[in-house]
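Engineer: The structure is given below, and queries will be raised subsequently.
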Amino acid sequence: MTATSSDKMRAALVLVATLATIAFNGLASTGKLNGVMTDEVSNRYPTVITPAGFTFSIWAAIYLGLLGFSIYQLLPSKNELFRPVRTLYIATCVLNCAWLWFWHQYQIGVCVVIIIALALVLLLMNLRFKRAAMMSDAIFGKGVFGLYFGWVTAAALVNIMIFLIYAGVEMSATAWKISGISALVLAAAFAVIVRFRLSNYLYPLAIAWAATGIGVQQSGNTAITVATAFCVIVGLVMAVSFVMDQKSTTT
């Protein structure tokens, strides 16, 4: 189907939204939003599942992937493939920037709502990706957004825990550990569900990466460390299970 003027406009807006989001994140990372750095806010509310700082380097891979997607979807031959997700993608960019803005204003409750909304929109996007005919379609479709969705899922769980601290919820050390373990088990369950229901292998990889960062940061907490090890193993097994799929299709 020939791209309409509306299709071309949305395709261009996708690229503009990506560049604007990357630029806005650049402002945040240099402390130009409310005069604070992004990690300063999270450091004020430490939790039992807060990951180590290096874990956030995954954003470099995510933004590189989003930039690649934004350019790739401009190709006329890809209009039909990406038409169903363009509006949703632009919504993710708005939500991404909104989260940063409110995070730097210490509006943690608002941020929880925003990041859950972002996760839901990413879920809708991933549901609309069909089996790709080409490897490049899979990479810039399910691959990029599986990684993004997985990371945002983990971030949403951490955000909820941060909100509990922010809201002044008082629990015993054991109760906090149980809450953290429950969040990690839930993340592992999501990794399994998305792997088998959406056939997405990068979603569980993002979960495994987040759990690795949590394990490193919480290395002195034995119960949490064991839970993160479980989550990492589940995520990695789900991520590499594509090998089994490849074998089954060739036999």
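Add 238 to the 1-based position in the sequence shown for the working numbering, that's all there is to it. For glycine and all other residues, C-beta sits at the position ideal for the given N, C-alpha and C. Being a predicted model, the structure only gives us computed values, none of them experimental.
Between I403, A465, G453 and Y404, which lies nearest to A427 when the distance is taken from Cα to Cα?
Structural biologist: A465
Engineer: Take the Cβ of M409 as the centre, count every other Cβ of all protein chains shown within 10 Å, and call the residue buried at 16 or more, exposed below.
Structural biologist: Here M409 is exposed. Its C-beta has fewer than 16 other C-beta atoms within 10 Å.
Engineer: By how many angstroms is the C-alpha of V252 removed from the C-alpha of S243?
Structural biologist: Whole-angstrom Cα-Cα distance: 14 angstroms.
Engineer: Where DSSP assigns a beta bridge to L271, which residues make up the other side?
Structural biologist: DSSP output for L271 lists V274 as bridge partner(s).
Engineer: CA-CA distance, I431 and N438?
Structural biologist: 10 angstroms
Engineer: Which class does P289 belong to by DSSP, given the choice of helix, strand or coil?
Structural biologist: coil
Engineer: Quick one, which of I353, V407, A461 and G379 has its alpha-carbon nearest Q311's?
Structural biologist: G379
Engineer: Which one of W414, S479, G291 and A392 has the shortest CA to CA distance from A461?
Structural biologist: W414
Engineer: Taking the beta carbon of A261 as the centre, do at least 16 other beta carbons fall within 10 Å, making it buried, or is it exposed?
Structural biologist: exposed
Engineer: Taking Cβ to Cβ, would you say V396 is nearer than 8 angstroms to I287?
Structural biologist: Cβ distance < 8 angstroms, so V396 and I287 count as in contact.
Engineer: Could you check which residue in L402, T412 and K270 has the C-alpha nearest to that of Q343?
Structural biologist: Closest option to Q343, Cα to Cα, is K270.
Engineer: CA-CA distance, C349 and L356?
Structural biologist: 10 angstroms
Engineer: Tell me whether S437 sits in a helix, a strand or coil according to DSSP, three-state version.
Structural biologist: coil
Engineer: Relative to the C-alpha of V496, which residue among S457, G451 and I445 is closest?
Structural biologist: Here the chain covers residues 239 to 489 and nothing more, so residue 496 does not appear.
Engineer: Quick check on Q343 - is its C-beta less than 8 angstroms from some C-beta in chain D?
Structural biologist: Annotation note: the requested chain D is absent from the structure, which comprises a single protein chain.
Engineer: Short check: CB of V359 to CB of A329, under 8 angstroms?
Structural biologist: yes
Engineer: Which class does S486 belong to by DSSP, given the choice of helix, strand or coil?
Structural biologist: In this prediction, S486 scores a pLDDT of 47, lower than 50, which makes its location untrustworthy; the coordinate-derived value is nonetheless stated afterwards. Reduced to three states, the DSSP call for S486 is helix.
Engineer: Can the beta-carbon of W389 be found closer than 8 angstroms to that of I452?
Structural biologist: With respect to the 8 angstroms criterion, W389 and I452 are not classified as neighbours on the basis of their beta carbons.
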